[in-house]
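Each remark here refers to the structure printed beneath this line.
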Amino acid sequence: MDAPPQSPEQPQRPQQTQHPGPLFAGVEGVWNADPVTVATLLFRQAFWNVAGQALPDRGVHRLTEDLGALCGVTVPAIRFSGGQPESTLLQLALEAVLLWERAGVAARVSTGTDRSSHNVLMLRRGHTVLQSPDPEGALRHLLANPPF
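What follows is the structure, encoded as structure tokens:
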């Protein structure tokens, strides 16, 4: 029997595919990698575990941690402006966010009284991608061929 259609308020959590260990050889490996590949893997890393939430978002500062996990680098809990490796990881993560926005899978949002809290929110198309039979392939296609 087919499952009933999902309501937009409660998206189904996708099946996760595991990748063993770091996928890139350190920060330099991410720097030299294809940006679409980085954006694809970072999207999965960042949003897989929050896809079932009513408002699936990720703090921008968390993206550096997610990208660090993909390249085997631990980002320090206490960060200094311009410190390494987090500054380079932040630059690379924001490049991925720009690709996500162009593909319509996620967008930046700033909140707080002084707009100082910066998050990335997964959009409807992002849910569709994660629920597809081949999430990485579907996202890679959208990132390489943006609809906008």
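UniProt numbering puts the first residue of the sequence shown at 1, with every later residue one more than the last. Here a beta-carbon is modelled for each residue, glycine too, at the ideal position from N, C-alpha and C.
Residue nearest to residue i in terms of C-alpha spacing, selected from the options
i: E86; options: F148, A51, E28; result: E28
i: L94; options: R140, F148, A25, V30; result: V30
i: R140; options: W100, F148, E65, G72; result: W100
i: T88; options: V97, R108, L67, P22; result: L67
Supposed contact pair residue j and residue i - C-beta distance, whole angstroms, cut 8 Å
i: T40; j: L121; result: Wrong, their Cβ atoms sit about 18 Å apart, outside the cutoff.
i: F24; j: A33; result: 6 Å
i: A103; j: P146; result: 5 Å
Beta-carbon proximity check, residue i vs residue j, cutoff 8 Å
i: V38; j: L92; result: yes
i: V105; j: F43; result: yes
i: G26; j: V73; result: yes
Cβ-based neighbour list, residue i, same chain, cut-off 7 Å, excluding 5 preceding and 5 following
i: A69; result: Q45
Other residues of its chain near residue i: CB distance less than 8 Å, five sequence neighbours each side excluded
i: R13; result: Summary for R13: the model assigns pLDDT 46, below 50, so the residue's position carries little reliability; its value from the coordinates is reported in the next sentence. Cβ neighbours of R13 beyond the five flanking positions: A51, G52.
Same chain only: Cβ atoms within 6 Å of residue i, ignoring 5 sequence neighbours per side
i: H118; result: V60, S110
i: A138; result: V129, S132
i: A96; result: V38, A39, L42
Query raised in the report: Can at least three beta-carbon pairs, one atom from the region 55–66 and one from the region 114–134, be found at a separation below 8 Å?
Result: Output reads yes: the region 114–134 touches the region 55–66.
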